[in-house]
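Undergrad: Attaching a single structure in structure tokens format; questions to follow.
Number of protein chains: 2
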Amino acid sequence: MSGADDIELDAETRLASDHRGELRLWLRLLTCATLIEGEVRGRLRERFDVTLPRFDLMAQLEKSPDGLTLGDLSRRMMVSNGNITGLVERLVDSGHIVRMPHATDRRVSYVRLTEAGRTEFAKMAAQHGDWIAQMFSGLNAEEQRTLLRLLGQLKQSVRARSEPA
Amino acid sequence: MSGADDIELDAETRLASDHRGELRLWLRLLTCATLIEGEVRGRLRERFDVTLPRFDLMAQLEKSPDGLTLGDLSRRMMVSNGNITGLVERLVDSGHIVRMPHATDRRVSYVRLTEAGRTEFAKMAAQHGDWIAQMFSGLNAEEQRTLLRLLGQLKQSVRARSEPA
DNA sequence: CTGTGGTATTTTAGGCTTGAAACATGCCGG
DNA sequence: CCGGCATGTTTCAAGCCTAAAATACCACAG
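These protein sequence lines are chains P and Y, in that order. Read in order, the letters of the first sequence correspond to residues 1 to 165 in my numbering. Read in order, the letters of the second sequence correspond to residues 1 to 165 in my numbering.
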């Protein structure tokens, strides 16, 4: 690909390869994500002395009371396998989660919240929801719906053009 | 703003503290950012053997031909000071950028692209623009405008509710 | 001058993250 | 049974990132 006969400047000012609009949009999206993430990270650390990746992992487990394998976690959190190994190790050390062997397949290890982990997570999640809601409160219900829809489209668009697996 | 009379009609299903909609929106925003970032990171590594943070730093310098201080970089890239120190060190080692002392203030150090750095960056930036444009191509011009506007609102909303400095 | 408070950068300790290679098992055709 | 390929997890080296403390310097009041 990239053939691009961008030699000719089409119409008047805009070259065939002028992607400023999309770059601007991407930059703004990234700024929003970075701002929100930074805010959440700081508050979790201050008020609960927990890191964002740990919180995210616990959130995944909360949604799956029967436990998840490390591979499940890796896919759902969209991070590498090796990353999960370390995260799980630290959360086991702190008593928030436990490992359980798979009944028959000795390769896989399930992981789930402990009682203490679930209790702790519930407190954090409640606050977390409030923080997020507050940060999005500058958009009314319809604007939120529109944003959700457009981001859904974007997600599909990105997926379609990245890993056509 | 924020008024949100969510009292009405939450009689049965929706509690006052139900922030599922906002959480869903945040999750989707984060997914989009993660997907795009991962895609860009992978391609930069494969085709140019460069990391995303290095690319980002060079992009900032490209926009400021007269150079930037480490503090400028830290603020614009929204990362910590210490992070910039290490990033700059590696980019100096690889010959992409150079440090220049401030004329009178010996605390500050300016940094700018070398000729080689600028040339290398130009190649990367052209590709980068194409990748981004392609990933956003599932949205038409109007949808992109709307998304840009809503993200702008979100950005303001987050800023207003985080650091009222 | 000289202390005092502020700004720019670096250092430090710890944790997160990746991609690739190594391990450990499971599965299956022959 | 057994070799070979696939799958799940860990290890490894390198780099990214943060918050906080330390360092270096400037400016300015006295």
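Glycine included, every Cβ here is placed at the ideal spot set by N, Cα and C.
I need the straight-line Cα distance from L52 (chain Y) to M100 (chain P), nearest angstrom please.
TA: The residue you call residue 52 (chain Y) lines up with position 52 of the second sequence. The residue you call residue 100 (chain P) lines up with position 100 of the first sequence. Taking the straight line joining both Cα atoms gives about 37 Å.
Undergrad: Output the distance between the C-alpha atoms of A122 (chain Y) and G71 (chain Y), rounded to the nearest integer angstrom.
TA: As a first step, residue 122 (chain Y) is located in the second sequence; it is residue number 122 there, counting from the start. As a first step, residue 71 (chain Y) is located in the second sequence; it is residue number 71 there, counting from the start. Our two residues, A122 (chain Y) and G71 (chain Y), have alpha carbons roughly 24 Å apart in a direct line.
Undergrad: Rounded to a whole number of angstroms, what is the C-alpha to C-alpha distance between R135 (chain Y) and T69 (chain P)?
TA: Along the second sequence, read from residue 1 onward, the residue named residue 135 (chain Y) stands at position 135. Along the first sequence, read from residue 1 onward, the residue named residue 69 (chain P) stands at position 69. Residue identity check: residue 135 (chain Y) is Met in the sequence provided, not Arg. Their Cα atoms are separated by approximately 31 Å.
Undergrad: For a test of the three-state rule: what should DSSP assign to T51 (chain P), helix, strand or coil?
TA: Counting from 1 along the first sequence, the entry for residue 51 (chain P) is found at position 51. Annotated three-state conformation of T51 (chain P) is coil, per DSSP.
Undergrad: Taking the alpha-carbon positions, what's the L87 (chain Y) to R118 (chain Y) distance?
TA: Translated into positions along the second sequence, residue 87 (chain Y) becomes position 87. Translated into positions along the second sequence, residue 118 (chain Y) becomes position 118. Rounded to the nearest angstrom, the gap between the Cα atoms of L87 (chain Y) and R118 (chain Y) is 17 Å.
Undergrad: Count the other C-beta atoms from every protein chain shown that fall within 10 angstroms of the C-beta of D10 (chain Y), then say buried if there are 16 or more, exposed otherwise.
TA: Within the second sequence, the letter at position 10 stands for residue 10 (chain Y). Residue confidence for D10 (chain Y) is low, a pLDDT of 47 falling below 50, so the modelled location carries little weight and cannot support an answer.
Undergrad: Quick check: what's the CA-CA separation for E62 (chain Y) versus N140 (chain P)?
TA: Counting from 1 along the second sequence, the entry for residue 62 (chain Y) is found at position 62. Counting from 1 along the first sequence, the entry for residue 140 (chain P) is found at position 140. The C-alpha of N140 (chain P) is placed about 38 Å away from the C-alpha of E62 (chain Y).
Undergrad: Which residues of chain P have a Cβ atom closer than 8 Å to the Cβ of F55 (chain Y), listed in chain order?
TA: Here residue 55 (chain Y) refers to the residue found at position 55 when the second sequence is read from its first residue. Those within 8 Å of F55 (chain Y) in chain P number zero; the least Cβ separation is about 13 Å.
Undergrad: Once you ignore the five residues that flank G67 (chain P) on each side, which residues in its own chain have a CB closer than 8 Å to its CB?
TA: Locating residue 67 (chain P) in the first sequence gives position 67, counting from the first residue. Cβ within range, chain order: L61, M100, Y110, V111, R112.
Undergrad: Can you check whether the C-beta of G129 (chain Y) is within less than 8 Å of a C-beta belonging to chain P?
TA: On the second sequence, position 129 is the one that residue 129 (chain Y) refers to. With 8 Å as the cut-off, G129 (chain Y) counts as an interface residue toward chain P.
Undergrad: At a cut of 8 Å, does the region 19-27 of chain Y reach the region 23-32 of chain P through at least three beta carbon pairs?
TA: no
Undergrad: From the DSSP secondary-structure annotation, give me the bridge partner or partners of P65 (chain Y).
TA: Locating residue 65 (chain Y) in the second sequence gives position 65, counting from the first residue. P65 (chain Y) pairs with nothing; no bridge assigned.
Undergrad: Grouping DSSP H, G and I as helix and E and B as strand, with all else coil, what is S109 (chain Y)?
TA: Here the question's residue 109 (chain Y) lines up with position 109 in the second sequence. Note: S109 (chain Y) maps to strand in three-state DSSP.
Undergrad: Considering R99 (chain Y), what are the terminal residues of the beta strand (DSSP E) in which it resides?
TA: What you label residue 99 (chain Y) is simply residue 99 of the second sequence in a count that begins at 1. From DSSP, the beta strand (DSSP E) with R99 (chain Y) extends over 97-101.
Undergrad: Is L139 (chain Y) helix, strand or coil when you go by DSSP?
TA: Here residue 139 (chain Y) refers to the residue found at position 139 of the second sequence. Three-state result, L139 (chain Y): coil.
Undergrad: Closer than 7 Å by C-beta to V92 (chain P): which residues in its own chain qualify, once you throw out the five before and the five after it? Chain order, please.
TA: Here the question's residue 92 (chain P) lines up with position 92 in the first sequence. Cβ neighbours of V92 (chain P) beyond the five flanking positions: V98, R99.
Undergrad: State the start and end residues of the unbroken alpha helix (DSSP H) segment that holds D93 (chain P).
TA: For this step, residue 93 (chain P) is matched to residue 93 along the first sequence. For D93 (chain P), the uninterrupted alpha helix (DSSP H) run begins and ends at 81-93, by DSSP.
Undergrad: How about V158 (chain Y): is its C-beta nearer than 8 Å to some C-beta of chain P?
TA: Taking the second sequence and counting its residues from 1, one reaches residue 158 (chain Y) at position 158. Taking Cβ atoms only, chain P reaches closer than 8 Å to V158 (chain Y), which makes this a yes.
Undergrad: Reducing DSSP to helix, strand and coil, say where H128 (chain Y) ends up.
TA: Reading the second sequence from its first residue, position 128 is the one you call residue 128 (chain Y). Correct three-state label for H128 (chain Y): helix.
Undergrad: Along the chain, where does the alpha helix (DSSP H) that runs through D72 (chain Y) open and close?
TA: As a working note, residue 72 (chain Y) is residue 72 in the second sequence. Start and end: 70-77.
Undergrad: So the candidates are P:W131, P:T85, P:M77; which of them puts its Cα closest to the Cα of R47 (chain P)?
TA: Here residue 47 (chain P) is taken as the residue at index 47 of the first sequence, counted from 1. R47 (chain P) has its Cα closest to that of P:W131, out of P:W131, P:T85, P:M77.
Undergrad: Taking 7 Å as the cut-off, does the CB of V98 (chain P) come closer than this to any heavy atom belonging to the ligand COA?
TA: The ligand COA is not part of this structure, which contains no ligands at all.
Undergrad: Would you list, in chain order, the members of the region 60-71 of chain Y that have their beta-carbon closer than 8 Å to a beta-carbon of chain P?
TA: none
Undergrad: Cutting at 6 Å between CB atoms, please list the residues of its own chain near M58 (chain P), excluding the five before and the five after it.
TA: For the purposes of this step, residue 58 (chain P) is taken as the residue at position 58 of the first sequence. Around M58 (chain P): F121.
Undergrad: Chain P beta carbons: is any one of them nearer than 8 Å to that of R161 (chain Y)?
TA: Here the question's residue 161 (chain Y) lines up with position 161 in the second sequence. Taking Cβ atoms only, chain P reaches closer than 8 Å to R161 (chain Y), which makes this a yes.
Undergrad: On a Cα-Cα basis, can you pick out the residue from Y:M78, Y:H128, Y:R43 that is closest to D18 (chain P)?
TA: Here residue 18 (chain P) refers to the residue found at position 18 of the first sequence. Measuring from the Cα of D18 (chain P), the nearest candidate turns out to be Y:H128.
Undergrad: Are the C-beta of S80 (chain P) and some C-beta of chain Y separated by less than 8 Å?
TA: For the purposes of this step, residue 80 (chain P) is taken as residue 80 along the first sequence, with counting starting at 1. No, because no Cβ of chain Y sits closer than 8 Å to the Cβ of S80 (chain P).
Undergrad: What separation, rounded to the nearest whole angstrom, lies between the Cα atoms of F55 (chain Y) and P65 (chain Y)?
TA: One-based indexing of the second sequence puts residue 55 (chain Y) at position 55. One-based indexing of the second sequence puts residue 65 (chain Y) at position 65. Rounded to whole angstroms, F55 (chain Y) to P65 (chain Y) spans 16 Å at the Cα level.
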